[in-house]
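Numbering (full-length UniProt numbering), first residue to last: 1 to 319.
Ideal Cβ positions, reconstructed from N, Cα and C, are used throughout, including at glycine.
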Amino acid sequence: VIRCRAAVAWAPGKPLSVEEVEVAPPKAGEVRIKIVATGICHSDDHILKGSLPNVEFPVIPGHEGAGIVESIGEGVTSVKPGDKVIPLCIPQCGECSFCQNPESNFCQKSHFSESQNLLPDKTSRFSCKGKQIHHFLWVSTFSEYTVVPEYAVAKIDAAAPLDKVCLFGCGFSTGYGAAINTAKVKPGSTCAVFGLGGVGLSVVMGCKVAGASRIIAVDINKDKFAKAKQLGATDCINPRDFTKPIQEVLTEMTGQGVDYSFEVIGHADTMVAALASCNMSTGGCVMVGVMDSGSEISIDPTLLLTGRTWKGTMLGGSK
Ligand code: NAD
Ligand code: ZN
């Protein structure tokens, strides 16, 4: 058992508290990782508010990390102590029909098909003050050590800088993949990106790499615009600078609406605005933002009837 520090969320609505926790050794088929760096994704904030489904408290959040394998359980062959790794918040067992489908990045042996946030054997490797602490997406990177199933670990290049590549664990892979894998942005197309956090900025990068000719970045915080421009946005607009709805502004700017729009915030009104911003014929909208569990969206069905498509994405379709 390793004793180390972790940021624990004891109950919804309470701030994180840094505690000394016990991390049990990996069981068969599991890997214990020393987490060296972790990012903070807005989804971690959703947990603190208690707005994600199927998350039991107390829990150690964090799902965007990189580290070094500390020890391995019986039967583990793909990594060894000392290897640099990224824990995967969407695992890949490699054997189920979803894993074998090149169009899917889901895995049937994942926490998404379980209504609890424990490891696959329904136990936890974390405890604190005599209490069992839950895992989050099996990765819990807000702990100095974490235990994950072997098929939720990717070995990476030994020279990779862990403080940078940790972003492949969620934010970068999600945004970049939303443009490349989910929307499949075509060269010369027009794009609109709603929300310029770490994920939205990664969508901007994906649209640029795909060869989009115009990338319109939308945010209510104008301090985000300089970075968005540096990464490839051609126009930056603040919905609060207009009296008319932002979908009308975007339609006027582009003639008939953009070819691809991305909602990377997680609000119902911006989801609908993003859908209405893409053109009625072949426009495609990708839902990336996570809405509070139990919330619903209502739309005018004509938006879809005329030919638009609306898709969601988890981790940008990245395997
Ligand atoms: P973030 O908080 O860093 O960024 C959100 C941005 O949206 C901010 O710049 C904010 O100013 C802007 N914003 C807020 N309200 C707005 C409005 N009404 N109009 C325009 N802009 C507005 O968040 P992030 O870490 O980049 O994550 C973004 C969303 O993506 C979150 O909902 C997160 O949970 C979700 N997410 C989804 C996946 C997935 O796999 N689908 C993965 C990671 C994150
Ligand atoms: Zn995330």
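Closer than 7 Å: residue i CB and nearest the ligand ZN heavy atom
i: residue 96; result: no
i: residue 64; result: yes
i: residue 284; result: no
i: residue 4; result: no
Boundaries of the alpha helix (DSSP H) in which residue i is found, first to last residue
i: residue 184; result: Element bounds for residue 184: n/a, residue is neither H nor E.
i: residue 47; result: 42-49
i: residue 229; result: 225-231
i: residue 207; result: 198-209
i: residue 249; result: 246-254
i: residue 165; result: 162-165
i: residue 97; result: 97-100
i: residue 302; result: 302-305
Contact test: residue i Cβ vs the ligand PLP heavy atom, cutoff 7 Å
i: residue 41; result: Inclusion of the ligand PLP in the displayed structure is not the case, the ligand content consisting of the ligand NAD and the ligand ZN alone.
One or two residues paired with residue i in a DSSP bridge
i: residue 311; result: 286
i: residue 87; result: 153
i: residue 36; result: In the DSSP output, where bridge partners are listed per residue, residue 36 has none listed.
i: residue 121; result: Answer is none; residue 121 lacks a bridge partner.
i: residue 258; result: 278
i: residue 20; result: 5
i: residue 59; result: 9, 134
i: residue 146; result: 33
i: residue 263; result: 194, 287
heavy atom of the ligand NAD below 7 Å from residue i C-beta
i: residue 195; result: yes
i: residue 370; result: There is no way to answer for residue 370, as the model of the chain reaches only from 1 to 319.
i: residue 111; result: no
i: residue 219; result: yes
i: residue 171; result: yes
i: residue 306; result: no
i: residue 67; result: no
i: residue 239; result: yes
i: residue 253; result: no
i: residue 198; result: yes
i: residue 234; result: no
i: residue 290; result: yes
i: residue 174; result: yes
i: residue 206; result: no
i: residue 266; result: yes
i: residue 315; result: yes
i: residue 182; result: no
i: residue 135; result: no
i: residue 309; result: no
i: residue 38; result: no
Same chain, Cβ closer than 7 Å to residue i, neighbours up to 5 away in sequence not counted
i: residue 154; result: 85, 86, 88
i: residue 36; result: 66, 67, 68, 162
i: residue 92; result: 99, 107, 151, 319
i: residue 247; result: 273, 276, 277
i: residue 280; result: 257, 306, 307, 308
i: residue 56; result: 116, 117, 134
i: residue 268; result: 291, 295, 297
i: residue 172; result: 202
i: residue 265; result: 194, 195, 289
i: residue 75; result: 28, 29
i: residue 250; result: 192, 216, 257, 258, 277
i: residue 71; result: 25, 26, 32, 81
i: residue 110; result: 90, 91
i: residue 245; result: 273
i: residue 242; result: 249
Endpoints, beta strand (DSSP E) assigned at residue i
i: residue 194; result: 190-194
i: residue 65; result: 65-72
i: residue 126; result: 126-128
i: residue 170; result: Looking at the DSSP string, residue 170 is not in any beta strand (DSSP E), and its letter there is neither H nor E.
i: residue 132; result: 131-133
i: residue 236; result: 235-237
i: residue 214; result: 214-218
Any chain D beta carbon closer than 8 Å to residue i
i: residue 215; result: Going by chain labels, chain D is absent from the structure shown, which holds only one protein chain.
Sequence-distant residues of its chain with Cβ nearer than 6 Å to residue i (five each side left out)
i: residue 22; result: 1, 3, 127
i: residue 237; result: 218
i: residue 233; result: 204, 215, 217
i: residue 254; result: 190
i: residue 213; result: 188
i: residue 138; result: 111, 148, 152
i: residue 11; result: 57
i: residue 225; result: 236
Contact set for residue i: own chain, Cβ-Cβ below 8 Å, skip 5 residues either direction
i: residue 16; result: 7, 8, 9, 48, 61, 142
i: residue 97; result: 108
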